[in-house]
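This report concerns only the one structure given below.
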Amino acid sequence: MKILNKSTASLLSTLVMCLGLASCAAPLMFGGVIGGAMVASDRRSAGIQVEDETIEQRSATAIRENFGSKEHINITSYNRQVLITGEVTTDTVRRQVESLIGRVENVRAVVNELAIGPASSFSDRSSDAVLVAKVKASMVDTEDVFANVYKVVGERGTIYLMGRVTQREAKRATDVVRGVSGVKRVVRVFEYITEDDLRAMQPKRGDSQSVDLNAPRSNASQQPVVTPIK
Numbered sequence: 004m005k006i007l008n009k010s011t012a013s014l015l016s017t018l019v020m021c022l023g024l025a026s027c028a029a030p031l032m033f034g035g036v037i038g039g040a041m042v043a044s045d046r047r048s049a050g051i052q053v054e055d056e057t058i059e060q061r062s063a064t065a066i067r068e069n070f071g072s073k074e075h076i077n078i079t080s081y082n083r084q085v086l087i088t089g090e091v092t093t094d095t096v097r098r099q100v101e102s103l104i105g106r107v108e109n110v111r112a113v114v115n116e117l118a119i120g121p122a123s124s125f126s127d128r129s130s131d132a133v134l135v136a137k138v139k140a141s142m143v144d145t146e147d148v149f150a151n152v153y154k155v156v157g158e159r160g161t162i163y164l165m166g167r168v169t170q171r172e173a174k175r176a177t178d179v180v181r182g183v184s185g186v187k188r189v190v191r192v193f194e195y196i197t198e199d200d201l202r203a204m205q206p207k208r209g210d211s212q213s214v215d216l217n218a219p220r221s222n223a224s225q226q227p228v229v230t231p232i233k
């Protein structure tokens with residue numbers, strides 16, 4: 004059994020406080036070590052982070068106006084790519100929600116993971132919140148996983164991972180998440196970057212020049228790649 008260190012256990016305790024929320028999907032703001040330097044930055048620019056928050060707010064408003072409280076729908080935006088999770092009553096509603104969110108200003112892509120069926124219970128959502136907390140704590144507790152670059156979403160025992168990562172980082176994070184008790188399935192919703200892109204994002208000593216983290220780069224995926232992992 005893996006024993007969490009004191010700081011990680013404290014983080015887990017804090018994260019469990021989100022039980023009353025529909026989802027708990029904030030990225031972790033902790034540093035990892037690359038070449039001896041601490042990295043504690045989101046791989047989205049500050050402007051894109053604000054846009055993601057705005058997209059989530061506008062999407063939530065659109066859902067309330069069109070569906071009220073009849074459906075259980077969660078919206079998570081990362082780098083203007085939106086993941087939709089939750090439960091809806093019919094496939095027609097499922098498609099309507101996807102179309103609605105796709106028309107929200109600045110949305111680049113939509114990944115529709117809505118299930119058709121009854122809304123999850125408070126107990127189910129509480130279990131998902133605890134599971135997300137455990138996943139985040141495990142990522143923070145793993146030295147070679149830079150937890151701050153991932154956004155973690157939990158729904159019905161499935162863990163969705165979002166972020167701008169290399170193939171190597173995607174595999175390592177997936178391995179960590181699959182080892183967390185209670186995780187039924189892992190779905191990667193990543194925008195892939197190259198190792199060269201990753202090195203370019205790291206600030207050089209004495210270099211104050213900013214790097215556009217969202218500038219298109221060769222061989223980098225500009226659309227989310229959705230990969231379900233059992």
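If you count by my numbering, then the sequence shown holds residues 4 to 233, one letter each, in order. The beta-carbon is built from N, C-alpha and C at its ideal position, and this holds for glycine as well.
### Query
Whose C-alpha, out of V100, M204, V179, is nearest the C-alpha of D144?
Of V100, M204, V179, the smallest CA-CA separation from D144 is found for V179.
### Message
For R236, list the residues DSSP reports as bridge partners.
### Response
The requested residue 236 does not occur in the structure, where the chain is confined to residues 4 to 233.
### Query
What are the complete alpha helix (DSSP H) segments, minimum 4 residues, inside the stretch 70-131?
Entirely contained in the stretch 70-131, the alpha helix (DSSP H) runs reaching 4 residues are, in chain order, 94-105.
### Burial state of E54, where buried means 16 or more other Cβ atoms lie within 10 Å
Buried is the call here.
#### Entry: Whole-angstrom distance between D199 and N69, CA atom to CA atom
A straight-line Cα-Cα distance of about 44 Å links N69 and D199.
### Task
Determine the extent of the beta strand (DSSP E) in which E198 is found, giving its start and end residues.
From DSSP, E198 is part of no beta strand (DSSP E) but of the alpha helix (DSSP H) over 198-204.
### Query
How long is the line joining the alpha carbons of R47 and Y81, rounded to whole angstroms?
Distance between the alpha carbons of R47 and Y81: 8 Å.
### Query
Beta carbon of G157, beta carbon of A132: below 8 Å?
Yes, they are a contact pair.
#### Entry: E74 and V91 closer than 8 Å at C-beta
A contact, by the Cβ cut-off of 8 Å.
### Task
Take G120 and list the residues in its own chain whose beta-carbon comes closer than 6 Å to its own, dropping the five residues that flank it on each side.
Same-chain partners within the cutoff: E90.
### Query
Over what stretch of residues does the beta strand (DSSP E) that includes E158 continue unbroken?
For E158, the enclosing beta strand (DSSP E) begins and ends at 154-158.
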